[in-house]
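J.: Pasting a structure here, questions to come.
Protein chains: 2
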Amino acid sequence: MNTKTREYTKEKIIEGVKLGITGVNGLMAEGRGEIFDLLVGEDISPPTMKSIKAAVASLILSEHPVISVNGNTAAILPKDLVLLSKELNVPLEVNLFYRTEERVGRIVEHLKKNGALVVLGERKKSIRLKEIDHARGIVDERGIYGADTVLLALEDGDRTKKLKDMGKTTIAIELNPFSRTARDASITIIGNVVSVIPEMTRCARVMKRTERGELERLVEEFKNEGTLHDQMRTMAKNMRDLITFNLNPGKEFLS
Amino acid sequence: MNTKTREYTKEKIIEGVKLGITGVNGLMAEGRGEIFDLLVGEDISPPTMKSIKAAVASLILSEHPVISVNGNTAAILPKDLVLLSKELNVPLEVNLFYRTEERVGRIVEHLKKNGALVVLGERKKSIRLKEIDHARGIVDERGIYGADTVLLALEDGDRTKKLKDMGKTTIAIELNPFSRTARDASITIIGNVVSVIPEMTRCARVMKRTERGELERLVEEFKNEGTLHDQMRTMAKNMRDLITFNLNPGKEFLS
Chain A
401 MNTKTREYTK EKIIEGVKLG ITGVNGLMAE GRGEIFDLLV GEDISPPTMK
451 SIKAAVASLI LSEHPVISVN GNTAAILPKD LVLLSKELNV PLEVNLFYRT
501 EERVGRIVEH LKKNGALVVL GERKKSIRLK EIDHARGIVD ERGIYGADTV
551 LLALEDGDRT KKLKDMGKTT IAIELNPFSR TARDASITII GNVVSVIPEM
601 TRCARVMKRT ERGELERLVE EFKNEGTLHD QMRTMAKNMR DLITFNLNPG
651 KEFLS
Chain B
401 MNTKTREYTK EKIIEGVKLG ITGVNGLMAE GRGEIFDLLV GEDISPPTMK
451 SIKAAVASLI LSEHPVISVN GNTAAILPKD LVLLSKELNV PLEVNLFYRT
501 EERVGRIVEH LKKNGALVVL GERKKSIRLK EIDHARGIVD ERGIYGADTV
551 LLALEDGDRT KKLKDMGKTT IAIELNPFSR TARDASITII GNVVSVIPEM
601 TRCARVMKRT ERGELERLVE EFKNEGTLHD QMRTMAKNMR DLITFNLNPG
651 KEFLS
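Chain order of the listed sequences is A and B.
The first sequence maps to residues 401 to 655 in my numbering.
The second sequence maps to residues 401 to 655 in my numbering.
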């Protein structure tokens, strides 16, 4: 159990509400995440590490990668998003499920306060994607619109699928391996953003110097479905341990 | 999967935010509940039915029972709470984790609009329980303060334990069988309030006419721990089915 990570995330989400950048749906998503966080167990499990490496390789190899940011990620770890963006030289773009221009503005402001130089996603430079029936279809022409690879942290299912259908490589950070996002993304990283994003930055630092052929091999050999199934089996095991612990409270449970 | 129940609950919780009766913590609790709702499977499983019967028997036998209501339950099913209260002749009392007098007032108002004649819990008649370090320690002298049995729907763990330590019979409606509330309550009903409360009302209608000895037997023979363990085993099975379905998507999963 990652009680510390979880408490931190929760605290930041509540601060996000006060800042006006986290919405009602973000709060419910946080609650769902808490339970998966408990079942997922370790912060960075071996299959998660494999996904992170494939994801970072893919972002380094892409011509126009973008990091899509919503209210929850911006509230939880603005500084780490900025560090990853700088390390990979990949722009941040604000994209919201429940979009209001005010909330987009506040998130852009929040990211800039935390060190971002440029943040995409404000209306003036935006285009509406007809493939996505939603405010989330509004994307920046300098960003997601022309991107070949999009990193999506805590994303909704519809959008992940549509972006993939448009031929983009989609990388999702998710806690629920059963979600549509987890199943539809090209590369799914199962884990808490609080651990995953800084780990991606550490990997990026090293992998930027890795030769191209090696990065291509990492991406090609990555099998999303198999990795997800490994995660599900771990969850089933953690669930059994949790029940064993409850039936025999003396036993240790979850690493 | 109770997709309908869950969608309904979610919709009501969002309305609750607009009415100013559901708070930040209620929204996160709703998200956690969604996942357990998925894992719990059936709305009213056989062990849930057993708990409901013991709970209703206990409420009928009590001298001073009270139904404790918070922002989420009031938002989700105000009418059903009023019906249960009238069927059992048990008063409703508003008790909040994050208490503001305005929010208490709005919830009292909301319950009255939905048919309640009297709702306890407003400050003027309240006493602070030294045993509970929190706004939740503020209880109505006509209600929880003198009660022998308290029905708690969607309650926090601290309070459930303290009320039980004070010698009260605590009945909890919960979706998470691992929660402190589930473990500490005298009778835990694992299920969604949307299904459980109306089922309690139906049982109350019949059981009010059941003879006292039979009701006493139902309460005495009820074993909370064993019933919770049955629920956990069902959850583990549902989890395995969910994973099997994901590994072999053709298969049916969860009833």
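No residue lacks a Cβ here, since even glycine has one placed at the ideal position from N, Cα and C.
All of these numbers come straight from a predicted model, not from anything done at the bench.
(1) So, is leucine 517 of chain B buried or exposed, given that buried needs 16 or more other C-beta atoms within 10 angstroms?
(2) Under 8 angstroms, CB to CB, which of the residues in the stretch 412-439 of chain A have a partner in chain B?
(3) Just to make sure I have the definition right: I need the residues of chain A whose C-beta is within less than 8 angstroms of the C-beta of arginine 640 of chain B. Which are they?
(4) How long is the line joining the alpha carbons of valine 394 of chain B and glycine 441 of chain A, rounded to whole angstroms?
(5) Would you mind reading off the limits of the beta strand (DSSP E) that contains serine 468 of chain A?
(6) Which of the three DSSP states, helix, strand or coil, is assigned to alanine 516 of chain A?
(7) Evaluate the contact criterion for the stretch 554-574 of chain B versus the stretch 621-640 of chain A: three or more CB pairs, one atom per stretch, below 8 angstroms.
(8) To which residues of the same chain is glutamate 493 of chain A closer than 8 angstroms at the C-beta, ignoring the five residues directly before and after it?
(9) Quick check: the Cα distance between isoleucine 589 of chain B and proline 447 of chain B, rounded to an integer number of angstroms?
(10) For glycine 567 of chain B, count the other beta carbons within 10 Å of its own beta carbon; 16 or more makes it buried, fewer makes it exposed. Which is it?
(11) For leucine 496 of chain B, report the span of its alpha helix (DSSP H) as first-last.
(12) Once DSSP output is grouped into helix, strand and coil, what is the label at aspartate 540 of chain A?
(13) Could you tell me the distance, in whole angstroms, from the CA atom of threonine 569 of chain A to the CA atom of glutamate 407 of chain A?
(14) Quick one: is asparagine 592 of chain A near chain B, going by C-beta distance under 8 angstroms?
(15) Kindly indicate the opening and closing residues of the beta strand (DSSP E) around alanine 585 of chain A.
(16) Can you check DSSP and say which residues form a bridge with threonine 570 of chain B?
(17) Using three-state DSSP, classify isoleucine 452 of chain B as helix, strand or coil.
(18) If you drop the 5 nearest sequence neighbours on each side, which residues of the same chain put their C-beta closer than 6 angstroms to that of glycine 423 of chain B?
(19) Quick check: valine 504 of chain B and methionine 607 of chain B, are their CB atoms within less than 8 angstroms of each other?
(20) Find the residues of chain A that neighbour arginine 573 of chain B, judging by a C-beta separation of less than 9 angstroms, and give them in chain order.
(21) Step through the CB atoms of chain B and report whether any lies within less than 8 angstroms of the CB of phenylalanine 578 of chain A.
(22) Quick check: the Cα distance between alanine 547 of chain A and serine 462 of chain A, rounded to an integer number of angstroms?
(23) Indicate whether cysteine 603 of chain B and isoleucine 476 of chain B have their beta-carbon atoms separated by less than 8 angstroms.
(24) Do you know how far the Cα of isoleucine 597 of chain A is from the Cα of threonine 581 of chain A?
(25) So, is the C-beta of methionine 632 of chain B closer than 8 angstroms to a C-beta in chain A?
(26) My assumption, with CB atoms under 8 angstroms, is that leucine 488 of chain A sits in contact with isoleucine 460 of chain A. Please give the rounded CB distance.
(27) For asparagine 656 of chain B, which residues in chain A fall below 9 angstroms Cβ to Cβ?
(28) Rounded to whole angstroms, what's the CA-CA distance from serine 458 of chain A to arginine 605 of chain A? Just pull it up for me.
(29) Which whole-angstrom value describes the C-beta separation of glycine 515 of chain A and valine 490 of chain A, a residue pair presumed to lie in contact below a C-beta threshold of 8 angstroms?
(30) Taking Cβ to Cβ, would you say leucine 554 of chain B is nearer than 8 angstroms to threonine 473 of chain B?
(31) Out of B:Ile573, B:Met428 and B:Ile643, which one is the CA nearest neighbour of arginine 583 of chain A?
(32) Helix or strand or just coil, what does DSSP make of isoleucine 414 of chain B?
(33) Going by beta-carbon coordinates alone, are glycine 433 of chain B and leucine 427 of chain A separated by less than 8 angstroms?
(34) Near leucine 615 of chain B, which residues of its chain fall below 7 angstroms by C-beta distance, leaving aside the five closest residues on each side in sequence?
(35) Please list the partners that isoleucine 667 of chain B has in chain A, where partner means a Cβ-to-Cβ separation under 7 angstroms.
(36) In terms of residue numbering, what span does the alpha helix (DSSP H) encompassing glycine 426 of chain A cover?
T.: Judging by the given coordinates:
(1) Counting Cβ neighbours within 10 Å, leucine 517 of chain B comes out exposed, since fewer than 16 surround it.
(2) Ile413, Ile414, Val417, Val424, Leu427, Met428, Ala429, Glu430, Gly431, Arg432, Gly433, Glu434, Ile435 and Phe436
(3) Here the neighbours are Ala636.
(4) Absent from the model: residue 394 of chain B. The displayed extent of chain B is 401 to 655, so no value can be given.
(5) 465-469 is the span of the beta strand (DSSP E), which, as asked, contains serine 468 of chain A.
(6) Three-state result, alanine 516 of chain A: coil.
(7) no
(8) Val466, Ile467, Ser468, Val469, Val519, Leu520, Gly521, Val539, Asp540, Gly543 and Ile544
(9) Isoleucine 589 of chain B and proline 447 of chain B have their alpha carbons spaced roughly 8 angstroms apart.
(10) exposed
(11) Run containing leucine 496 of chain B: none; DSSP gives neither H nor E here.
(12) If DSSP states are grouped into helix, strand and coil, aspartate 540 of chain A belongs with the strands.
(13) 32 angstroms
(14) no
(15) Taken as a continuous stretch (DSSP letters only), alanine 585 of chain A belongs to no beta strand (DSSP E), as it is neither H nor E.
(16) B:Val550, per the DSSP bridge assignment.
(17) DSSP places isoleucine 452 of chain B in helix when its eight states are reduced to three.
(18) Gly471 and Tyr498
(19) no
(20) Note on identity: in this sequence residue 573 of chain B is isoleucine, with arginine being the wrong assignment. Chain A residues near isoleucine 573 of chain B: none, gap ~17 angstroms exceeds 9 angstroms.
(21) Closer than 8 angstroms: yes.
(22) 9 angstroms
(23) no
(24) Approximately 18 angstroms, taken between the alpha carbons.
(25) yes
(26) 7 angstroms
(27) As shown, chain B starts at 401 and ends at 655. That puts residue 656 of chain B outside it, with no answer to give.
(28) 14 angstroms
(29) Contact annotation, glycine 515 of chain A with valine 490 of chain A: C-beta distance approximately 15 angstroms; criterion of less than 8 angstroms not satisfied.
(30) yes
(31) B:Ile643
(32) helix
(33) Against a cut-off of 8 angstroms, the Cβ pair of leucine 427 of chain A and glycine 433 of chain B comes out as no contact.
(34) Once the five neighbours on either side are set aside, the close Cβ partners of leucine 615 of chain B are Ala457, Ile460, Leu461 and Met607.
(35) Coverage of chain B is limited to positions 401 through 655, which leaves residue 667 of chain B absent and any answer about it impossible.
(36) Here the alpha helix (DSSP H) through glycine 426 of chain A covers 424-440.
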